[in-house]
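Each residue of the sequence shown is one higher than the one before, starting from 542 at the first, in this note's numbering. Glycine included, every Cβ here is placed at the ideal spot set by N, Cα and C.
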Amino acid sequence: MEPLLGVKVGCLFSLLVLTLVCGLFPICFKWFQTATGRHRRVLSLLSCTSAGIFLGAGFMHMTAEALEGIESEIQKLVIQNSTNSEGNSDDADSAFMEYPYGELIISLGFFFVFLLESLALQCCPGAAGRSKVQEQEWGMANVLEPHSHGPLPSPSRGPLRALVLLLSLSFHSVFEGLAVGLQPTIAATVQLCLAILAHKGLVVFGVGLRLVQVGTGSRWAMLSILSLALMSPLGLALGLAVPQGVSEGGQGLAQAVLEGMAAGTFLYVTFLEILPRELAGPEAPLAKWGCVAAGFAFMAFIALWA
């Protein structure tokens with residue numbers, strides 16, 4: 542048990558350090574905070590890559606885990622129901638299991654962010670204002686592309702979406718750490734931790750880049766990344782505190798539901814913030830497509846082990 546505990550503590554520090562380094566990198570370097578000329582194009586391609594990473598994380602990791610978890614928990618409920626009853630409700634149980642609960646919960650996550658933004662617009666119309674970085678980007682786009690057809694999409698409520706994205710990733714990170722903390726063997730712990738580290742660095746880098754692009758103050762951005770970095774170690778510590786054999790208690794369904802909500806959030810931010818904003822300009826459309834595809838392909842590749 543001692544070697545296993547040592548490995549898990551090492552995983553805890555690895556998750557903490559990687560998240561801090563990758564998340565703070567775009568915040569601490571001024572290079573990511575300017576948006577002029579060729580520099581702006583490079584940032585746009587990086588943003589497209591982060592969109593592909595978010596898309597891959599949403600579909601290949603969060604959605605897959607949520608659908609699997611929800612289906613498993615529903616099956617447990619049906620089996621428990623059928624053992625408690627006389628077995629007269631086979632048709633009802635079949636219909637109950639066939640309903641797409643996972644897809645419903647992912648959609649609820651999508652609509653939850655939509656509702657938050659609508660409420661923010663309704664109650665605080667000023668929330669739709671542009672940040673300084675967005676003003677630079679859109680102003681430069683208008684200068685570089687004076688003959689573009691149709692209006693550019695108005696900048697989104699970036700800070701609100703960045704906050705919701707941060708909260709969703711925090712929930713996801715807690716459950717990642719929890720899964721590592723609950724592993725029964727050293728091999729399983731190391732394998733899962735490596736799979737998490739492989740995709741977490743890029744995802745957190747994308748979040749840091751997003752915070753910079755929506756004009757979040759450096760201090761608040763650093764605090765946000767620090768709080769995010771503590772989530773996986775927190776989950777891992779909770780996993781270590783859970784006695785062996787009690788890991789599948791009542792948390793399974795709650796975990797699957799929160800994973801589904803987080804997946805809906807990632808899909809919303811990808812499709813309604815990053816991609817419309819980056820694909821609005823006509824410059825280098827194939828390069829942007831390639832960056833989105835590369836980010837998604839990497840997350841799909843990591844899903845072989847995660």
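- The Cβ atoms of G718 and S773 sit closer than 7 Å to each other.
- The criterion of a C-beta distance shorter than 7 Å is not satisfied by G597 and V833.
- Straight-line spacing of the CA atoms in S585 and K829 works out to 8 Å.
- Where I815 is concerned, there is no enclosing alpha helix (DSSP H), because DSSP gives it neither an H nor an E.
- Excluding five sequence positions before and after L799, the CB atoms of its chain that fall closer than 6 Å to its own CB belong to F712, given in chain order.
- DSSP places V745 inside the alpha helix (DSSP H), whose first and last residues are I727 to Q754.
- Per DSSP, G599 lies in no alpha helix (DSSP H) and is assigned neither H nor E.
- R579 and A825 have their C-alpha atoms roughly 12 Å apart.
- A distance below 7 Å between beta-carbons, with the five flanking residues on each side excluded, links V705 to the following residues of its chain, in chain order: V654, L657 and T806.
- DSSP, reduced to helix, strand and coil, places L845 outside both helices and strands of the structure shown, so it counts as coil.
- In this structure G749 is not in contact with G599, their Cβ atoms being roughly 18 Å apart against a cut-off of 8 Å.
- A Cβ-Cβ contact shorter than 7 Å links A797 with I611.
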